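Engineer: In full-length UniProt numbering, the protein residues as written are 1 to 143. By construction, the Cβ of each residue, glycine as well, lies at the ideal position given by its N, Cα and C atoms. On a predicted model such as this, the values are computed, not experimentally measured, just so you know. Dropping a structure here in structure tokens format, bear with me for questions.
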Amino acid sequence: MLLVLLLLLLLLLLLLLLLLLLLLLLLLLLLLLLLLLLLLLLLLLLLLLLLLLLLLLLLLLLLLLLLLLLLLLLLLLLLLLLLLLLLLLLLLLMLLLLLLLLLLMMLLLQHLVGRWLMLLLLLRVHANMEAEKIQRAACLDVK
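Below you can see the structure in the form of structure tokens.
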């Protein structure tokens, strides 16, 4: 009987040990599950951080593109202003050339008119000299 009781006690101890082992296994499984959950949470957080970083990078890229576009527009405006200035300078040069041409034409006209006037003056002097000769000849004829 004592042997049966001892066997029963041993069986009970074995059962208790088995139960303890099962509990430990369950605890270990729970811990593993918790670790897995933590890992999943960490992965999700990392993914969120990566997404945020990507969004920030995209925003930075967009800002850079906008800045580049603004710079290009400013350069185009500067080029247009330079072209306008060049056109204005060309117009001023053409006006100056036209004024110079007008001055040269006036000088040429003055020269030509001066020559004609000189010629007319010489003709008048010659005519006066001829008239004086005729008058002298007439005076000498009368005397």
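#1: I'd like the span of the alpha helix (DSSP H) that includes methionine 1, first residue to last.
#2: What is the rounded straight-line gap between the Cα of aspartate 141 and the Cα of arginine 124?
#3: Between leucine 62 and leucine 75, what straight-line distance do the alpha-carbon atoms span, to the nearest angstrom?
#4: Rounded to whole angstroms, what's the CA-CA distance from valine 113 to leucine 104? Just pull it up for me.
Structural biologist: From the atom records:
#1: That residue, methionine 1, is in no alpha helix (DSSP H); it is neither H nor E in DSSP.
#2: Cα to Cα, the separation comes out at about 25 Å.
#3: 20 Å
#4: Going by the C-alpha atoms only, they are around 14 Å apart.
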